[in-house]
Every structure is written in structure tokens, then in C-alpha cells.
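In the working numbering, the protein residues as written are 154 to 273.
Okay, structure first, notes after.
What follows is the structure, given as C-alpha cells:
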């Protein structure tokens, strides 16, 4: 089985905090049902939601010095909001899960396989 990262990307203000309570509860129920399906199907290894991007700190090594800056790494309006680490037999199976995730969370999902070194 291959491992895939399903990255959830969100635009500013596109989080559950801006939803009415009933809508937020319905969204959480969809996500909970999906995660149950992923666990029962043997796909989900781990998932996590991240705090807002303004709480991020970027650490860089530059010419022998360690520099830290506030905020997200990418100069973009969209940010990484959460992720799923899954296992799937192939990319098509991973894309099937990504289709379900994007439907449940209403955000774009980036699918990337973990690198397997030659001979592993």
C-alpha cells in the first residue's frame, strides 16, 4: 500500500468559525461520517486540523543563522488548513478518497504520494 497526503487548502474566512452554528454542526457530521468510512475502509492513518495561519512561525536557515518570521511560508491567500495521511493501493484509490474529502469539507484537496526510495 502506498501512502498519500491529502492536503486541505482554505481561503481566508473559509473556516468553520464563520459558519452559523447549524451549518457548522452539519459540516462536522459530514466530516465525522467520512472519517469513520476512511477508518473502516483501512485508508485513514492520521488526520489533523491546523490553527489559523496567523499563528504560524516559519524557521529558516540562512548563511549560518536561524531566522524566524511570523506568518505562513507561502505568499498566498490560500493556506494549509488540515490534512489526511492515508494509505491506498494506487493514485486512483487516493483520488477517490480526495473526492470524498473535498465534498465533505468544501475546500480544494491536493493529493501527493509519499516518496518511496528505490529498493524500498
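Using N, Cα and C, we set each Cβ at its ideal position, and we do this for glycine too.
A residue is called buried once 16 or more other Cβ atoms fall within 10 Å of its Cβ, and residue 250 is buried on that count. When the beta-carbon positions are compared, residue 161 and residue 234 come within less than 7 Å of each other.
Taking 7 Å as the cut-off, the Cβ atoms of residue 238 and residue 199 count as close.
A direct Cα-to-Cα measurement between residue 267 and residue 254 gives close to 19 Å. The closest CA to that of residue 206, considering only 165, 243, 182, is found on 165. Annotation: the continuous beta strand (DSSP E) that includes residue 238 extends over 232-241. Annotation: residue 242 to residue 270 spans about 17 Å, alpha carbon to alpha carbon. Between residue 247 and residue 183, the gap from beta carbon to beta carbon reaches 7 Å or more. Here DSSP, grouped into helix, strand and coil, assigns residue 201 to strand.
In this structure residue 172 does not touch residue 163 by the C-beta definition: roughly 12 Å separates them, more than the 8 Å allowed. Exposure of residue 186 is indicated by the presence of fewer than 16 other C-beta atoms within 10 angstroms of its C-beta.
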